[in-house]
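So the sequence lines, in the order shown, correspond to chains A and B.
Per the working numbering, residue 76 is the first one in the first sequence, and the count goes up by one each step.
Per the working numbering, residue 76 is the first one in the second sequence, and the count goes up by one each step.
Think of the CB as a built atom: it goes at the ideal place given N, C-alpha and C, for glycine as much as any other residue.
Small disclaimer: the values here were computed from a predicted structure and weren't measured.
Have a look at the structure below, then the notes.
Number of protein chains: 2
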Amino acid sequence: MSKNVAIVGATGAVGTEMLRCLETRNFPVGKLHALASSASAGKMVQFKDREITLEALEGFDFAGIDVALLAVDTDIAMDCAARATKAGATVIDNSSAFRMKANVPLVVPEVNGALLEERPRLIANPNCVAAIMVMALAPLQNLARISRVHAASYQAASGAGLPAMRELEDSTRAYLAGQKFEPKVLPHPYAFNFFSHNTPIDPETGYNGEETKVMRETRKILDLPDLRISITCIRVPVLRAHGIAMSVEFDRAVTPETARGALAQAPGVRVVDDPAANRFPMPVEASGIEEVLVGRIRRDVSDASGKTLSLFVCGDQLLKGAALNAVQIAERLA
Amino acid sequence: MSKNVAIVGATGAVGTEMLRCLETRNFPVGKLHALASSASAGKMVQFKDREITLEALEGFDFAGIDVALLAVDTDIAMDCAARATKAGATVIDNSSAFRMKANVPLVVPEVNGALLEERPRLIANPNCVAAIMVMALAPLQNLARISRVHAASYQAASGAGLPAMRELEDSTRAYLAGQKFEPKVLPHPYAFNFFSHNTPIDPETGYNGEETKVMRETRKILDLPDLRISITCIRVPVLRAHGIAMSVEFDRAVTPETARGALAQAPGVRVVDDPAANRFPMPVEASGIEEVLVGRIRRDVSDASGKTLSLFVCGDQLLKGAALNAVQIAERLA
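Shown next as structure tokens:
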């Protein structure tokens with residue numbers, strides 16, 4: 076029952092992790108095609124004990140491909156998804172091109188994996204913040220209806236790709252050596268700095284593109300179209316794990332203990348909530364692992380009714396926020 | 076009308092900035108005493124064009140001192156404040172020892188400087204997050220009553236002193252060189268990492284000491300004892316400027332334009348809110364300046380009534396968050 080797989084954008088931060096996830100999770104890979112730009116074609120990437128030659132996406136024939144995992148920009152994703160689905164492949168797309176289309180499921184398998192039972196041919200992989208956020212919110216939905224979410228993100232460089240991760244390291248190295256550094260990938264200095272996510276601001280709402288995506292996608296994944304939600308997205312100088320501080324209001328009182336219990340049971344979630352040791356979710360522990368870490372679970376003191384909880388979440392942006400979730404979708408379909 | 080000044084803790088991150096603020100703001104300094112631990116006594120610090128010899132706090136006689144600026148830990152501050160006030164000095168204390176005492180004013184001059192007209196002999200300087208936060212909240216109080224605040228902080232190393240700033244730099248340098256680093260000042264790795272503020276967690280509420288201070292002190296400074304407020308305090312790997320994402324609910328609708336106008340008029344505040352250039356408050360621009368930067372001023376979309384605004388604030392932790400505010404208090408008293 077092996078599947079022929081194409082990874083599109085195999086040299087990027089997410090594509091690289093997709094290859095690794097297929098390997099570590101023992102996905103039943105038949106033929107494997109690693110696709111990239113023409114400039115990278117002919118170079119090699121590692122998969123298990125073999126070397127794979129990178130092929131150019133341009134002109135690639137998707138015939139015979141069962142699953143295409145796309146980790147490329149929106150424009151390329153749209154073109155590529157059309158070609159791949161036409162050739163009969165099932166497409167799992169990590170871009171934002173299709174996420175809000177009514178007929179395209181936006182899936183986090185632990186949350187709304189049931190949508191895959193209809194065997195859709197095109198599945199959207201969510202925004203990285205939304206994916207990590209819903210992992211903490213969905214288990215709480217069984218306790219009470221979520222009516223409002225206030226959130227602030229602490230986002231890693233990996234969300235802007237490998238060049239941004241390198242820019243963070245290079246600019247920090249320069250700073251520590253007392254040297255000047257001109258940012259090329261991001262619009263602001265990144266060394267020992269944080270800044271509002273640099274997607275364009277919607278002049279109507281004042282929210283940036285990232286924030287709008289997170290809010291819309293969270294509503295869609297949780298199937299709460301009227302959810303009142305607000306987020307501020309900030310890029311902080313860490314490499315590959317996002318954090319989210321959240322205040323979650325329910326339609327009735329929920330105790331921290333009940334919430335902790337529900338989260339402890341939830342697949343893909345690890346509760347890290349140790350007040351005595353002052354140990355809570357943080358990037359150095361969330362990076363490189365599959366689970367999303369949840370902690371600081373407490374009653375929000377600004378709501379005397381007990382209907383609001385505060386919590387802090389941390390998850391690997393490249394894994395649950397992108398590559399792992401895509402491969403988990405492929406697994407559910409396989 | 077010059078004043079004899081003692082800086083207690085003159086070698087620390089805040090004490091050093093106090094000396095610099097007295098200098099740059101041309102405070103009318105008469106005799107200047109720079110006090111530190113016995114270990115530092117005899118060393119020199121620079122003030123204007125002269126060298127000052129550090130004196131030991133232990134055994135120091137505060138007689139003849141007009142103003143004592145304390146930048147030391149709570150225990151030392153309590154002992155020192157008793158000695159200095161007994162000797163006739165006015166004490167401005169940066170520790171948390173006296174902040175919540177009913178008979179001690181907790182002052183941010185731009186906000187509640189009128190409390191200084193009664194010429195108190197002991198004045199508390201607020202927690203750094205609270206000081207920066209109220210600079211953005213107070214100008215909005217004139218527009219409508221603030222009923223609720225949701226906040227998440229992005230806190231700099233300087234809040235834990237010079238050793239933490241050095242640990243951030245040293246551990247980052249080690250990380251980039253691929254070397255191991257054992258944290259000594261903070262309980263968690265700091266290089267490319269963030270973590271929940273390491274003050275102890277109150278087992279009753281689940282909030283840590285820093286969060287509790289910020290919530291209580293914000294209520295006291297704004298004179299809103301019933302303000303519903305919740306904050307999550309996170310240390311991020313930046314050196315000396317804090318950020319705060321805030322959602323502020325009022326008792327009636329307030330437009331972003333009105334709020335922006337009020338903030339633009341407020342002394343000590345600079346509005347940095349340029350969606351077209353994607354330029355908002357960030358540490359590289361807030362560090363080393365006196366103003367608190369405010370931006371991302373928008374209607375909170377989770378509240379359809381228009382009564383809630385979101386905004387992002389950034390201020391120098393060592394200046395408005397500590398030393399500058401203390402010196403501004405001294406100026407108002409002088």
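- The beta-carbon of B/S322 is placed less than 9 Å from the nearest beta-carbon of chain A.
- Using a Cβ-Cβ cut-off of 9 Å, A/I296 does not count as an interface residue toward chain B, since no Cβ of chain B sits closer than that to its own.
- Neighbours of B/H225 across chain A, judged by C-beta separation under 7 Å: H225, S322, S377.
- Around the Cβ of B/N101, a 10 Å sphere holds fewer than 16 other Cβ atoms; the residue is exposed.
- Residue environment for B/A172: buried (at least 16 other C-beta atoms within 10 angstroms of its C-beta).
- In the three-state scheme derived from DSSP, where H, G and I count as helix and E and B as strand, B/V367 is classed as strand.
- The beta-carbon of B/H108 is placed no less than 9 Å from the nearest beta-carbon of chain A.
- In the DSSP assignment, A/N283 forms a beta bridge with A/I276.
- Chain order gives no chain B residues near A/R174, where near means a beta carbon separation below 9 Å; the closest approach is about 19 Å.
- Going by C-alpha positions, A/A114 is about 17 Å away from A/T91.
- Relative to B/M210, the option among B/R125, B/I309, B/L408, B/E292 whose CA is nearest is B/E292.
- A Cβ-Cβ separation of about 16 Å leaves A/M290 out of contact with A/V388 under the 8 Å criterion.
- Annotation note: the region 135-163 of chain A contains the following uninterrupted beta strand (DSSP E) runs of length 3 or greater, listed N- to C-terminal: 142-145.
- B/Q230 carries a strand assignment under DSSP once its states are collapsed to helix, strand and coil.
- Counting C-beta atoms within 10 angstroms of its own C-beta, A/T383 has 16 or more neighbours from the protein chains shown and is therefore classed as buried.
- Annotation: the continuous beta strand (DSSP E) that includes B/M119 extends over 119-122.
- Taking a Cβ-Cβ threshold of 7 Å, the residues of chain A close to B/N273 are N353, in chain order.
- Shown here, A/M321 sits in a strand according to DSSP, grouped into three states.
- A Cβ-Cβ distance of about 32 Å is found for the pair A/R374 and A/G363, leaving them out of contact under the 8 Å criterion.
- In this structure the region 274-290 of chain B lies against the region 305-312 of chain B, because at least three pairs of beta carbons, one per stretch, are closer than 8 Å.
- For B/P358, the neighbours in chain A by C-beta distance under 8 Å run, in chain order, F267, N268, F269.
- Residue contact with chain A for B/P214: absent (no Cβ-Cβ distance below 9 Å to any residue of chain A).
- For B/N283, the nearest beta carbon of chain A is closer than 9 Å to its own beta carbon.
- Per DSSP, A/T99 is one residue of the alpha helix (DSSP H) stretching across 88-99.
- Under the 9 Å criterion on CB atoms, B/R303 is classed as interfacial with respect to chain A.
- Among the bridge pairs identified by DSSP, B/V224 is matched with B/I304, B/V323.
- Per DSSP, reduced to three states, the secondary structure at A/R294 is helical.
- Annotated three-state conformation of A/G336 is helix, per DSSP.
- Listed along chain A are E244, T247, R248, each with a C-beta nearer than 7 Å to that of B/L251.
- Across the set B/V80, B/T330, B/V367, B/V147, the C-alpha of B/T330 shows the shortest separation from the C-alpha of B/A379.
- The C-alpha of A/M119 lies about 12 Å from the C-alpha of A/A131.
- Nearest CB-CB separation between B/M153 and chain A: not below the 9 Å threshold.
- When DSSP states are grouped into helix, strand and coil, A/L218 belongs to the coil group.
- At least one C-beta of chain A is nearer than 9 Å to the C-beta of B/F387.
- When DSSP states are grouped into helix, strand and coil, A/S246 belongs to the helix group.
- Non-local beta-carbon contacts of B/H263 in its own chain, meaning distances under 6 Å to residues more than five positions away in sequence, involve F270 in chain order.
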